[in-house]
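Residue 5 is where the sequence shown starts when you use our numbering, and the numbers rise one by one after that. From the three backbone atoms N, C-alpha and C, an ideal C-beta is built for every residue, glycine too. Predicted model only: the values in this text are computed from it and were never measured. To start, the structure itself, in structure tokens.
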Amino acid sequence: MGPNEGLEIPDFRSTFAHNQSISCHSTSGIFIQIHRGSPSLIPIDANSCGVPDPILSFLPEPVDIKSSSNRLLCCRGREGDKIYYICNPFTKQWKELPKSNANHGSVPAIVLLFEPSLLNFVAEYKIICAFPSTDFGKATEFDIYSSREGSWEIARKICFGDRTILPKSGVHVNGVIYWMTTDNILAFDLTKERSQLLQSYDTHGFLGTFSGKLCKVDVIGNIILLNILANTHSNTMQMGSQIKMWSEKQTVVLDSEIVGDVARNYSVLHVDSDIMVAHCGGRTYSYDFKSCATKFLSSEVGICRCFPYVNSLVSL
């Protein structure tokens, strides 16, 4: 047997697509979701952003985007069985996921987690949904889908306590999923399948990522404050300890020449290390952290969520 017999050697096209998928990181566009409307794409970088079908009509049915992660979207059908789909909008590849035995509810607390790997030419991803337990009162369980296994499985660990998760708040950072609740922040470590509650102090903030860490955004008038999670164990420290759970990272004030009347509260829709997207007065803006530039994005009415996107040839 020759040295390559029995081995599956990727062809040039798959190798190029794989290399491209792990080399492109900066946000090039934002998918926006309008209540009961079709998704659409707003380019951040017009030179590097463009998909052949931004309303995702290549999927078998009308969908709402529920989560995005490193070039992939997780969508859910609006009617009937509420089927989940994973898709790459750039290649129009998609997969239908099997139905879960858990009741995710009408507005699921879904988070998609996909990290491109040098070793995997086919995307391996996970989906995590936090849902109210039907077996235990006042408890939260976690339903996990693995593309490798092709099935859903409910985590062994349960988070007890009477709390309501804000379903659209989910974000993942380094294998940990975070959701805002009505009282605090719920964290779920995907590897250890262990949950933890973090102090928030303000339940009106927005969760995102910044410099590889969890970021909490709070708005005070026209000032947007970014705080980074610094220590998850500060609530167990001795009294008088100077170690804080959150550290202030950055203060942002959008350009008044772009946004006009600044004496209004913003609604932050997205934040990462590249950009922040904020909505105010029926208009949506982006803020570039590197250039400190404010840019008008859209006057679309009814934007309820937005999802960062990077063009990619990653294969499903």
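Short of 7 Å from the beta carbon of Gln254, and not among the five residues preceding or following it, lie these beta carbons of its own chain, in chain order: Leu230. The Cβ atoms of Asp276 and Phe214 lie closer than 9 Å to each other. At a Cβ-Cβ threshold of 9 Å, Tyr313 and Val67 do not count as neighbours.
Burial of Asn315 is indicated by the presence of at least 16 other C-beta atoms within 10 angstroms of its C-beta. For Leu317, DSSP assigns no beta-bridge partner whatsoever. Inclusion of Arg287 and Ile69 in the CB contact set at 9 Å is not warranted, their separation being larger than that value. Pairing Lys103 with Leu320, the inter-Cα distance amounts to about 19 Å. For Phe192, DSSP records a beta bridge to Ile181 and Ser199. For the beta strand (DSSP E) assignment, the uninterrupted runs of no fewer than 3 residues enclosed by the region 55-105 are, from N- to C-terminal side, 67-73, 76-81, 88-92 and 97-100. Look at Lys172 here: in three-state DSSP terms it is helix. In the three-state DSSP reduction, Glu145 falls in the strand class (E or B). With fewer than 16 other Cβ atoms inside 10 Å of its own Cβ, Val126 counts as exposed. The beta carbons of Ser73 and Phe118 sit closer together than 9 Å.
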